[in-house]
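Everything below concerns the one structure shown next.
Number of protein chains: 2
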Amino acid sequence: MTDLSATTGVTDRPSGTAESVESDPIRRFLDRQRPETPCLVVDLATVRQRYRQLRTALPDARICYAVKANPTPEVVGELVGLGASFDVASPGEIELCLAKGAAPETISYGNTIKKRRDVARAHAQGVRLFATDSAADLAGIAEAAPGSKVFCRVLVDNTGSRTPFGRKFGCPPETAVRLLVRARELGLDAYGVSFHSGSQQQDPAAWEHGINAARRVFEGCAAQGVELRMVNLGGGLPARYTDSTPPLEDYVRGIEEALDRHFGDGRPELLVEPGRHVVGDAGVLRSEVVLVTDACDGDGRWVYLDIGRYNGLAETEGEAITYRLRTSRDGDPVGPVVLAGPTCDGDDVLYQRHRYRLPLTLRGGDTVDLLSAGAYTASYSSVGFNGFTPLPTYCVDGDA
Amino acid sequence: MTDLSATTGVTDRPSGTAESVESDPIRRFLDRQRPETPCLVVDLATVRQRYRQLRTALPDARICYAVKANPTPEVVGELVGLGASFDVASPGEIELCLAKGAAPETISYGNTIKKRRDVARAHAQGVRLFATDSAADLAGIAEAAPGSKVFCRVLVDNTGSRTPFGRKFGCPPETAVRLLVRARELGLDAYGVSFHSGSQQQDPAAWEHGINAARRVFEGCAAQGVELRMVNLGGGLPARYTDSTPPLEDYVRGIEEALDRHFGDGRPELLVEPGRHVVGDAGVLRSEVVLVTDACDGDGRWVYLDIGRYNGLAETEGEAITYRLRTSRDGDPVGPVVLAGPTCDGDDVLYQRHRYRLPLTLRGGDTVDLLSAGAYTASYSSVGFNGFTPLPTYCVDGDA
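Quick mapping for you: the protein sequence lines, in order, are chains A and B. Heads up: the first sequence begins at 1 in this note's numbering, then just goes up one per residue. Heads up: the second sequence begins at 1001 in this note's numbering, then just goes up one per residue.
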């Protein structure tokens, strides 16, 4: 493992995962097949392990895999086989889940921004569960998916998240009450409340905000005769990047304590929408070093990879996600580098502030693996930015 | 045209382009064909007009179209027919140009970050002109493309650019001298100097920095017996967004004056690499309004489009490029909006700081056209972010 301790203060302690589970079958594949780079390799065994671990940790929650995190058909198929439900963002993701054998009643249309005809299409396909956070969207659901269950997304504090949501989604609890009461008037099933604590959330206590807000919505609705039944805990559970994150048990404890505090014995039905947590650690992205140069301004080495912000590493924007790295020269003495992508784009720089330390012997043709890169990578590649092809995904099965 | 004057101070004065050339054939296509949204429509007549206009304005410069700006095969084919040369960033772009009939000697491999095997492949295909800015890359060119022409990219001030390059490309003039002298030692043809004044450059005097730096490199090389012959003026010529930009003549005057000042009678061969300037104004991106909501915090309306940062509007990152808009409700009273894309991503917000004013009557199903959206859009779409399909491009020909 490349030494990051100098810049991140991370020790190499796994956060609830065995390194061998993650990397071995993938390395075997990479060593034997030597696929053209860049490419992403996903180990389905890790996907299964993460799903089951969460299943055990939150036995009462319905697990809706956030398909957007990695829509590789094999991953979705694997999760269908395990009995998962699915959180989808678009008609395309609904098609994918159905094509892989998911029952329509396992699908939650979690995007609050939906064309009316897309809602109608989902309804015609059997989808009966929809997120909302505005009167306009709610009216669309009532018209195009009559009688469906709806849950309202509330806006909560995202402190502690590596990629907070800003103001785009969710409404205040008072608005949620109004919308859910209105939902019943429109003939919909006012089902519950959702929130998102922010992706790659590093504070296990962060769910307190959302669960508290949910309780207020439950109370507000009850006061108007509308009995909600469900709290959707959203996503936010972490993958293993360079930051040290608490183990899953800490998150579960934080969630359970908040539920006890706010709902006591009247525990609602629970949904959870993990994406990154299920597939992040299951993937390794192999890249090749294109070039190593000395910066003109004396500010050390630049290492250019054949993977960049536009063909898979979208989440390096603002250096939000800092992947763990492994190189074909690990063990050699290291020094600081700026890491950049291969395109003619000045913004295609991966890490400049977060200064990685990589082997001084690194040169063109060497490999750099980005670990825990299974989430929010391949499907974010551009179709052909600068003429580079999209990142391909290969699946292996460490149990097979 | 939607009123932007309240926020941008722009008058509707065209900057060297007739509105009718830009929009009519495209509107005709959109009105008659009613293609599914979002989509980009490019008018090849405008591409021709822009190329010829630049040809006339800079008669001594070899025009290398920056393929990355819009690699639609029909656009590349059109420019091949007009006798253009091409600036390419990757093997994929070389393949594209050759497939559309470009001669290999019209291709300039302008990316300073190249795998050695990609250089070898380009050389085998007949490409003989390469950019460089580092010793490692130069060694690769010498080995894999022996005897080729090389030009060295110098780093220059990008003030005035909407999307400056940062420190990723280019070296100081002293380094360029060293590299070009070394190039000759390695058996390469030390051809000249390139620079990039920054994309969507709004200051016609900005080329002064690069031309001055080029002269210094010419002098430094001459002192060591290496006579350079070419200055590559790069890109940077603008398209017509909400900002008022000077007419093309002003840029040409700025360039000519700087050339006179620094090169006098010893005028070098010239290259220029327009991308945005050739295709930007040739394209209209049609989108549909998905939803209009009142923000929960009382901060006005949010308009969600079916186009966003991840399916074509990559250049709205940091609100760098502010497209002119046209809606199907133009003429109705307007008010401020936040504009956002359709995905479940908190960063998929197009304009929040730059507050557009759109019709108060706007609602789901209406259309919003982004004008001058022909550059850096379709090929930047993700393959399937959130399950949304990439932006398709249609070509029309306003002269046909």
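For glycine and all other residues, C-beta sits at the position ideal for the given N, C-alpha and C.
- For Ser194/A, not one C-beta of chain B is nearer than 7 angstroms to its own C-beta.
- Separation of Tyr65/A and Leu79/A (C-alpha to C-alpha, rounded to the nearest whole angstrom) is 8 angstroms.
- For Gly1083/B, the number of other beta carbons within 10 angstroms of its own is below 16, and it is reported as exposed.
- Val1231/B sits in a strand when the DSSP states are folded into three classes.
- Taking the Cβ atoms as the reference, Leu1228/B lies roughly 17 angstroms from Ala1258/B, outside the contact range of under 8 angstroms.
- The beta carbon of Leu58/A sits closer than 8 angstroms to the beta carbons of Val252, Ile255, Leu270 and Val272 from its chain, once the five residues preceding and following it are set aside; these are given in chain order.
- Neighbours of Lys149/A in chain B, taken as residues whose beta carbon is under 7 angstroms from its own, are absent, since the nearest beta carbon is some 19 angstroms off.
- Here Gly187/A is exposed. Its C-beta has fewer than 16 other C-beta atoms within 10 Å.
- Against chain A, the CB of Tyr1380/B has a partner CB under 7 angstroms away; the residue lies at that interface.
- Here Tyr323/A is not bridged, per DSSP, to any residue.
- Sequence-distant Cβ neighbours of Asn232/A in its own chain, meaning closer than 6 angstroms and more than five residues away, are Phe151, Ser194 and Leu271.
- The three-state secondary structure of Gln200/A, taken from DSSP, is strand.
- Under a criterion of Cβ atoms nearer than 7 angstroms, no residue of chain A is adjacent to Ala1103/B; the nearest Cβ is some 18 angstroms distant.
- Residue pairing of Ser244/A in beta bridges, as defined by DSSP: absent, with no partner found.
- The Cβ neighbour count for Pro1073/B, taken over all protein chains shown within 10 Å, is under 16; the residue is labelled exposed.
- In the displayed model, Lys1115/B falls within coil according to three-state DSSP, outside both helix and strand.
- Going by beta carbons, Glu319/A and His354/A fall inside the 7 angstroms limit.
- What Arg116/A touches in chain B, judged by beta-carbon distance under 7 angstroms, is Gly1364, going in chain order.
- Residue-level contact by beta carbon holds for Phe1165/B and chain A, with a gap shorter than 7 angstroms.
- Taking 7 angstroms as the threshold, the shortest C-beta distance from Ala1069/B to chain A does not fall below it.
- Per DSSP, Tyr1310/B lies in no beta strand (DSSP E) segment and is marked neither H nor E.
- Ranked by Cα distance from Tyr1376/B, the options Lys1114/B, Val1334/B and Lys1068/B are led by Lys1068/B.
- Under the 7 angstroms criterion on CB atoms, Cys1344/B is classed as interfacial with respect to chain A.
- Boundaries of the alpha helix (DSSP H) harbouring Leu179/A: Pro173 to Glu185, taken from the DSSP string.
- Residue contact with chain B for Glu74/A: absent (no Cβ-Cβ distance below 7 angstroms to any residue of chain B).
- Taking a Cβ-Cβ threshold of 9 angstroms, the residues of chain B close to Ala340/A are Ile1113 and Lys1168, in chain order.
- The region 1365-1381 of chain B and the region 1036-1056 of chain B touch, with three or more beta-carbon pairs separated by less than 8 angstroms.
- Proximity of Ser134/A to chain B, defined by a Cβ-Cβ separation below 7 angstroms, is satisfied.
- Residues of chain A with a Cβ closer than 8 angstroms to the Cβ of Pro1390/B are, in chain order, Val383.
- Per DSSP, the unbroken alpha helix (DSSP H) holding Val278/A starts and ends at Arg276 to Val279.
- Under the Cβ criterion (8 angstroms, minimum of three pairs), the region 120-130 of chain A counts as touching the region 147-167 of chain A.
- Counting only the Cα atoms, Ile1113/B lies some 11 angstroms from Trp302/A.
- Residue pairing of Asp1189/B in beta bridges, as defined by DSSP: Lys1149/B.
- DSSP places Glu208/A in no beta strand (DSSP E) but in the uninterrupted alpha helix (DSSP H) bounded by Trp207 to Ala222.
- At a cut-off of 7 angstroms between C-beta atoms, Asn386/A counts as an interface residue with respect to chain B.
- Under the Cβ criterion of 7 angstroms, Gly1092/B is counted among the residues facing chain A.
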